[in-house]
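Numbering (the numbering used here), first residue to last: -14 to 158. One structure is given below, encoded as structure tokens.
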């Protein structure tokens, strides 16, 4: 058998495997994320539920579950058009004052709009400013919860109702 006859089937096999592997337009990570999203939605009538962490978010104002990551802390990303929300668990040993300092340090040049015991609001000093609202909620002996909302400053007024709705629809059990 000549070298040409040995290589042609091998090249054909590699080509066929490549076609099969690339035939699906959805990347594997997206499939897994969609599966998680579907599982979360099908478990109950809630937008998101995590019994282990004691967090439940009821459907409201067309907020959509985007992703979840678990490590020592839980991080949930939700979206409503261009408005983003991150719900994170944090250790109860970390005070909200420490969390505020860390957020401000990592945000660059910002103007603080409001700084309260359980709420922080600041805005970047960029041309297209981003407004960030941070809500702190004590939960239990194992974790507290922060909710971070990011939207363009110019759209904040129309997004404020959506932010307040998500905060009020988040239950800590």
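Backbone N, C-alpha and C define an ideal beta-carbon position, used for all residues, glycine too.
- If you ignore the 5 residues before and after residue 134, its C-beta comes within less than 6 Å of the C-beta of 70, 118 and 148, all in its own chain and listed in chain order.
- Taking a cut-off of 8 Å for Cβ pairs, the segment 54 to 73 and the segment 84 to 93 do not touch, as fewer than three such pairs fall below it.
- When the Cα atoms are used, residue 126 and residue 101 turn out to be separated by approximately 22 Å.
- With distances taken between CA atoms, residue 120 lies nearest to 132 out of 145, 132 and 128.
- Taking C-beta atoms as the reference points, residue 39 and residue 151 fail to come closer than 8 Å.
- Ranked by Cα distance from residue 114, the options 75, 62 and 139 are led by 139.
- By the neighbour-count criterion, in which a residue is buried when 16 or more other Cβ atoms sit within 10 angstroms of its Cβ, residue 142 is exposed.
- Excluding residues up to 5 positions away in sequence, 75, 77 and 123 lie with their Cβ nearer than 6 Å to the Cβ of residue 129 in the same chain.
- By the C-beta density criterion, residue 111 is exposed, having fewer than 16 other C-beta atoms within 10 angstroms.
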